[in-house]
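What follows is one structure encoded as structure tokens, with my remarks underneath.
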Amino acid sequence: MNITKLKRAFSHGTLCVAAAMALLLTTGGTAKAEVSPEAQFIFNTFSFLVHGFLVMWMAAGFAMLEAGLVRSKNTTMQCLKNIGLFSIASIMYFLVGYNLMYSGVDGGFMGSFAWWGADDSAAAAGKFMGDGGAKYAASSDFFFQLVFVATAASIVSGTVAERVKLWAFLVFTVVLTGLIYPIQGSWQWGGGWLNKLGFVDFAGSTLVHSVGGWAALAGAIIIGARKGKFGADGTVRPMPGSNLPLATLGTMILWLGWFGFNGGSQLAMGTAADAIAIANIYINTNIAAAGGVVTAIVLTQIIYKKVDLTMALNGALAGLVSITAGPDTPTLGLAVIIGAIGGVIVVIFVPLLDKLKIDDVVGAIPVHLVAGIWGTMAVPLSNTKASFVTQGIGVVSIGLFVLVVSAIVWLILKAVMGGVRVTAEEEEQGLDMAECGMEAYPEFRGSQTI
Amino acid sequence: MNITKLKRAFSHGTLCVAAAMALLLTTGGTAKAEVSPEAQFIFNTFSFLVHGFLVMWMAAGFAMLEAGLVRSKNTTMQCLKNIGLFSIASIMYFLVGYNLMYSGVDGGFMGSFAWWGADDSAAAAGKFMGDGGAKYAASSDFFFQLVFVATAASIVSGTVAERVKLWAFLVFTVVLTGLIYPIQGSWQWGGGWLNKLGFVDFAGSTLVHSVGGWAALAGAIIIGARKGKFGADGTVRPMPGSNLPLATLGTMILWLGWFGFNGGSQLAMGTAADAIAIANIYINTNIAAAGGVVTAIVLTQIIYKKVDLTMALNGALAGLVSITAGPDTPTLGLAVIIGAIGGVIVVIFVPLLDKLKIDDVVGAIPVHLVAGIWGTMAVPLSNTKASFVTQGIGVVSIGLFVLVVSAIVWLILKAVMGGVRVTAEEEEQGLDMAECGMEAYPEFRGSQTI
Amino acid sequence: MNITKLKRAFSHGTLCVAAAMALLLTTGGTAKAEVSPEAQFIFNTFSFLVHGFLVMWMAAGFAMLEAGLVRSKNTTMQCLKNIGLFSIASIMYFLVGYNLMYSGVDGGFMGSFAWWGADDSAAAAGKFMGDGGAKYAASSDFFFQLVFVATAASIVSGTVAERVKLWAFLVFTVVLTGLIYPIQGSWQWGGGWLNKLGFVDFAGSTLVHSVGGWAALAGAIIIGARKGKFGADGTVRPMPGSNLPLATLGTMILWLGWFGFNGGSQLAMGTAADAIAIANIYINTNIAAAGGVVTAIVLTQIIYKKVDLTMALNGALAGLVSITAGPDTPTLGLAVIIGAIGGVIVVIFVPLLDKLKIDDVVGAIPVHLVAGIWGTMAVPLSNTKASFVTQGIGVVSIGLFVLVVSAIVWLILKAVMGGVRVTAEEEEQGLDMAECGMEAYPEFRGSQTI
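Printed below as a string of structure tokens:
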């Protein structure tokens with residue numbers, strides 16, 4: 419039970435400072451560990467596994483959200499991209515990513531190139547916790563980190579939907595999950611230069627969500643907007659999602675999965691302080707999402723005189739992204755405000771991107787990039803270890819790196835593959851028939867003329 | 419490990435009485451606690467979090483169930499109401515509900531008005547379990563209780579579907595989750611007068627499900643039936659759900675979530691007796707749902723010569739609601755009967771409500787209200803601490819309170835908002851376009867003429 | 419912490435042999451158990467419950483997969499069959515199955531006929547772990563085993579879709595879950611003759627998946643192909659699934675549930691070695707699925723010049739089935755290859771079955787039967803306790819038993835019920851109206867002429 423974690427756990431609420439000091443005195447003083455080291459090892463491992471499977475489940479959330487928000491002629495493709503990217507992430511992170519992110523970074527800019535293998539030797543030697551002791555099963559940590567990579571890739575999938583070539587997307591995913599994500603991840607979570615600088619990003623508002631958002635932005639600009647989306651006269655043609663209950667389901671899956679995403683990022687559950695921290699993270703995560711939904715509902719009622727479901731869904735997600743950089747330190751009151759501002763971001767930035775003629779099919783850039791930046795900058799509001807300057811350095815450096823490298827990769831793919839988007843005819847026909855040869859809903863052709 | 423819990427755990431099955439006494443002698447006698455107090459604290463917290471996220475997931479279950487059972491022109495609205503109500507519940511329970519339900523009730527009729535904040539001071543002082551010791555992270559309990567509130571609100575959403583005004587529903591949800599639910603909840607779970615009287619409702623057949631059902635009933639009566647549902651000549655026009663796989667998915671999500679709902683209501687997992695109790699609860703919960711399904715399948719085959727899927731789904735839910743008041747004490751054989759009677763209730767009460775011209779779009783009143791009453795009254799069959807009289811007092815008092823207050827709130831909303839239902843034109847057009855401005859399935863208009 | 423489990427846990431990876439020996443010396447020598455027996459009991463129980471609810475969730479996965487892969491006129495029926503079979507399995511396994519599989523098998527061919535009741539007497543006497551001590555709550559084990567039975571029944575449901583009579587299927591399910599599955603299960607997991615022989619099937623590539631596959635094969639042959647599926651001239655008429663996002667969701671649910679299926683099959687989580695083993699199982703399970711997907715994507719691109727989503731989905735499932743017999747021993751590198759070969763099997767055997775005029779609506783036979791055999795035979799590649807001969811004996815003996823008995827049951831049903839398939843008119847009309855009297859998507863009739 420170390421001081422950092424205690425501080426994190428007990429900084430929640432208002433009345434705990436003295437109590438936390440008392441506990442420090444107690445545990446740092448004479449008392450023995452109440453939970454045996456091996457039991458701590460099991461708790462920590464179980465936390466990674468349970469929270470990891472929740473994050474894995476987010477892959478289904480993204481798949482359903484995106485399948486529901488595209489037009490039905492592009493739905494099969496969206497499903498395929500999502501199951502494909504999760505599979506690619508699973509393999510690339512094993513082959514390259516994990517060690518590039520975590521092995522031997524040592525204050526630097528990347529780890530080492532080597533595939534990953536479980537090292538449970540300390541546990542096998544009966545050494546648990548403490549200096550050099552095993553803190554969790556090696557594979558449980560690998561599993562948890564792996565499912566995060568897939569999240570970043572899922573974000574890109576939604577933005578570039580309805581016109582990207584399947585293989586261009588899949589190859590981009592190989593690079594994103596094998597190189598781009600792990601390298602920038604090493605800067606902070608791998609113990610690299612940003613970490614030494616004091617950057618704080620608890621569960622990845624920047625390291626996961628903004629990364630996905632920057633890569634998506636690069637893709638959206640280079641691939642270009644969908645045919646007919648933006649008129650020469652500045653008009654924006656709505657292209658409504660074909661299945662809103664599916665999008666709602668996807669959002670609720672993501673909301674559920676986020677308890678794993680943020681809760682598991684405590685990285686331990688073997689002490690009472692960890693358990694308290696995780697519980698605080700759960701409720702902050704939940705109320706931030708709620709704040710995003712309520713704001714989006716109220717604002718769309720005011721602005722459009724109707725309540726916009728897709729804005730409410732994206733409001734939930736923006737609330738979740740916003741709290742992700744620091745779900746451990748705010749009070750519930752602050753957490754709901756952080757999330758609510760995420761909702762405001764969605765309502766402002768979705769139409770703004772349209773004005774900029776950046777075609778983001780599912781609204782992933784407002785949700786993951788802009789709210790991710792907001793969430794990262796909001797950390798110092800409740801976490802005294804974070805500073806606005808350092809947070810800004812993290813946001814800008816990772817943003818620049820991912821945007822530039824992603825753009826280069828998309829441009830290389832464009833050059834090598836004869837373009838990264840399908841032909842105008844294929845786009846008109848729909849990617850499902852063009853790229854997959856099968857319709858998502860072959861029997862419901864009623865008015866699929868959009 | 420206290421006597422009550424042991425009794426609960428070991429009253430399951432037939433051969434455990436002597437064994438339970440032996441354990442009492444052992445643990446109450448000389449043996450030390452086998453699980454360290456801090457480890458118990460972690461187990462208890464983890465149980466709240468895992469079971470809590472399962473209950474949170476039920477929100478998605480209700481959303482899908484209802485989205486599948488309404489007509490497609492009202493589907494977007496149903497999705498919006500569900501994500502909206504969960505968000506409102508999350509915020510209201512923090513601002514008002516939790517402390518109104520749990521703080522200083524002391525045998526009375528309500529707690530205090532104050533927003534909630536985590537108090538982990540005992541844990542911070544290193545005091546775990548026992549008198550005055552921390553039993554779980556404060557926030558984990560808050561999380562678990564919070565997701566229950568949302569369940570009650572979800573029930574209302576289904577019944578009043580397809581004609582309620584969005585904002586009327588949302589404001590009703592504010593009152594339900596901030597005041598009605600917490601006040602009646604304080605009577606029992608907050609340690610109020612019903613609790614002192616000896617009422618037993620383990621996980622909320624009455625406190626959650628019937629509450630939702632009573633509020634829904636008040637709404638259904640005051641809002642009135644859907645246009646064209648009941649002919650002047652006594653005919654009932656079927657308005658079939660638009661997406662039955664979605665309704666099936668919703669039911670299965672709810673079934674899964676119910677393991678959290680009932681299992682987590684043990685409120686602890688730090689001793690073997692708690693673990694045994696939770697395991698018994700899981701299998702009783704499961705088999706009660708199975709009993710409800712099988713009964714509904716057999717009965718609809720007999721009565722209608724066809725097997726009715728929506729009855730089977732509601733049979734599962736009615737089985738689950740029926741076992742919820744006492745999932746801890748029955749044998750598996752009794753549990754399957756309790757659930758099966760839930761299935762009978764659905765098959766009888768769904769057409770009966772139609773006869774009464776009460777328009778319950780998804781069948782929530784039979785499932786949650788009637789089966790909830792049945793489940794509450796069935797507790798004394800296996801739990802010697804419960805009596806039929808006291809159970810009846812609980813059912814009636816909570817029923818009257820919720821029905822009357824809900825009716826008052828609906829009537830006030832009707833007066834203040836110029837009606838709680840949309841116009842006949844809007845109802846005809848569908849709430850999706852009228853209230854949300856977007857269709858759920860814009861491309862599948864084939865024969866949406868119903 | 420026994421030697422077998424340690425071996426299992428530490429045989430993963432490459433560098434652990436010496437370390438494992440060191441731990442053996444440590445724990446087998448003087449050190450006390452680090453986790454108290456009662457805490458181990460709780461961990462083991464919690465593992466069964468958490469992993470069990472994940473497997474229960476697979477029932478929803480099968481329901482969605484199958485509902486998405488049938489034509490819309492048969493979707494209600496598919497939903498009904500799935501919720502029905504899960505309910506029947508829940509009741510039959512209590513009444514007959516569990517004790518027939520686990521009670522008094524003792525090297526033989528079946529257990530005893532008696533319904534199941536929880537026996538927690540050892541725990542009640544305070545005896546945990548060790549000889550005669552309770553290792554987990556009896557009901558948690560029952561729950562975990564129960565949800566496995568349902569999986570086997572779900573497999574049959576998909577293959578015989580679109581033409582089987584509802585009641586024929588339900589009665590077959592009664593026999594499968596009450597007798598066929600438990601009897602063959604007793605041979606291995608119940609400690610019967612196959613177990614004594616040294617057969618290895620960690621989580622059920624053969625005992626669950628092939629069993630479902632053999633029963634499905636018998637059904638497919640006896641029931642016959644769908645009307646019009648196979649032309650007299652050897653042509654195969656495609657009958658595309660009506661809702662591919664639903665099928666995708668189902669696959670992702672199954673992928674998630676599989677962490678429970680394989681992870682929970684470690685049957686314990688009370689020691690570090692168990693936790694390590696489960697974590698290894700998670701990542702092997704995940705990467706095997708990924709391998710199946712990537713292979714199916716690449717192969718369908720090469721063969722058909724389009725990437726086939728349904729092949730990719732079945733590739734994931736085949737990868738999962740393939741790893742299930744031995745998810746504990748391979749390295750990640752071997753696991754991805756085992757899963758990838760599962761993907762190859764799907765791409766080869768789906769069209770091969772069509773050539774053989776065996777009509778398997780969802781591809782369950784390639785996925786569960788063929789990949790199940792492959793996975794079982796692949797165990798000796800990484801597990802020195804398994805031999806190819808013994809694995810082959812297990813595959814053949816269980817296969818023969820299940821195929822023959824299933825065929826007899828289907829034939830008896832055919833004789834008794836006047837056929838096990840609906841009439842040609844009912845098949846044409848769709849089973850939803852014929853058997854259930856309700857359409858799955860009543861409003862979307864656009865072009866439901868297939």
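Protein chains in written order, with our numbering: chain A, 419 to 868; chain B, 419 to 868; chain C, 419 to 868. We put the CB at the ideal spot given by N, CA and C, even for glycine. Please read these numbers as outputs of a predicted model, since none were measured by experiment.
Within the segment 457-476 of chain A, the residues whose Cβ lies closer than 8 angstroms to some Cβ of chain C are ALA457, PHE459, ILE460, THR463, PHE464, PHE466, LEU467, VAL468, GLY470, PHE471, MET474 and TRP475, listed in chain order. The beta carbon of VAL629/A sits closer than 7 angstroms to those of ALA570, TYR599, GLN602, ILE816 and VAL820, all from its chain and outside the five residues before and after it, given in chain order. Nearest CB-CB separation between ASP746/B and chain C: not below the 8 angstroms threshold. Contact between the segment 650-667 of chain C and the segment 495-507 of chain A is present: 3 or more CB-CB pairs across the two stretches fall below 8 angstroms. In this structure, the CA atom of SER505/C is about 27 angstroms from the CA atom of GLY609/C. By the criterion of a C-beta distance shorter than 7 angstroms, ASN702/B is surrounded in its chain by ILE741, PRO745, PRO748, LEU750 and ALA753, once the five residues flanking it on both sides are discounted. The three-state secondary structure of VAL582/B, taken from DSSP, is strand.
Taking a contact to require three or more Cβ pairs closer than 8 angstroms, the segment 693-707 of chain C and the segment 590-598 of chain C do not qualify as touching.
For ALA734/C, the enclosing alpha helix (DSSP H) stretches over residues 727-742.
By the neighbour-count criterion, in which a residue is buried when 16 or more other Cβ atoms sit within 10 angstroms of its Cβ, PHE546/B is buried. Across the structure, ILE756/B and PHE806/B are spaced so that their CA atoms are roughly 16 angstroms apart. Secondary structure at ALA690/B: helix, using DSSP grouped into helix, strand and coil. By the neighbour-count definition (other C-beta atoms within 10 Å, threshold 16), TYR722/C is an exposed residue.
Just measuring C-alpha positions, the residue of MET528/B, PHE862/B and ILE783/B sitting nearest HIS627/B is ILE783/B.
The beta carbons of GLY710/B and GLY681/B sit about 18 angstroms from each other, so the pair does not count as a contact at 8 angstroms. Between the C-alpha atoms of VAL574/A and THR577/C there is a straight-line separation of about 36 angstroms. Taking the CA atoms as reference points, ILE460/C sits about 28 angstroms from VAL514/C. By the CB criterion at 8 angstroms, VAL468/C and VAL473/B fall outside the cutoff.
A straight line joining the alpha-carbon of GLU845/B with that of LYS645/B spans about 8 angstroms.
Note on TRP632/B: 16 or more other CB atoms within 10 angstroms of its CB, so buried under the neighbour-count rule. For the pair ALA736/C and VAL797/C, the Cα-to-Cα distance works out to about 15 angstroms. Assigned with DSSP and collapsed to three states, VAL523/A falls in coil, not helix or strand.
Taken atom to atom, the span from the alpha-carbon of LEU667/A to that of ALA481/B is near 8 angstroms. Across the structure, ALA478/C and SER530/B are spaced so that their CA atoms are roughly 42 angstroms apart. The continuous alpha helix (DSSP H) containing CYS497/A extends over residues 493-510.
In terms of beta-carbon proximity, PRO658/B stays away from the interface with chain A, with every pair separated by 8 angstroms or more.
The three-state secondary structure of ALA552/A, taken from DSSP, is strand. Note on PRO656/A: under 16 other CB atoms within 10 angstroms of its CB, so exposed under the neighbour-count rule.
At a C-beta separation below 8 angstroms, TYR722/A has these neighbours in chain B: GLY855. Proximity of chain A to MET482/B at the Cβ level (cut-off 9 angstroms) is accounted for by PRO663, THR666, LEU667 and MET670, in chain order.
Residues of the segment 545-570 of chain B with a C-beta less than 9 angstroms from any C-beta of chain A: PHE546, ALA552, TYR554, ALA555, ALA556, SER557, SER558, ASP559, PHE560, PHE561, LEU564 and VAL565, listed in chain order. Assignment of VAL473/C by DSSP, reduced to helix, strand and coil, places it in the helix class. Taking 8 angstroms as the threshold, the shortest C-beta distance from ASP777/C to chain B does not fall below it. Put simply, of VAL823/B, GLU580/B and ALA825/B the residue whose alpha carbon is nearest the alpha carbon of GLY486/B is GLU580/B. Non-local beta-carbon contacts of GLY596/C in its own chain, meaning distances under 6 angstroms to residues more than five positions away in sequence, involve MET510, VAL514 and GLY515 in chain order. In this structure, VAL813/B sits away from VAL785/B, with a CB-CB distance that is not shorter than 8 angstroms.
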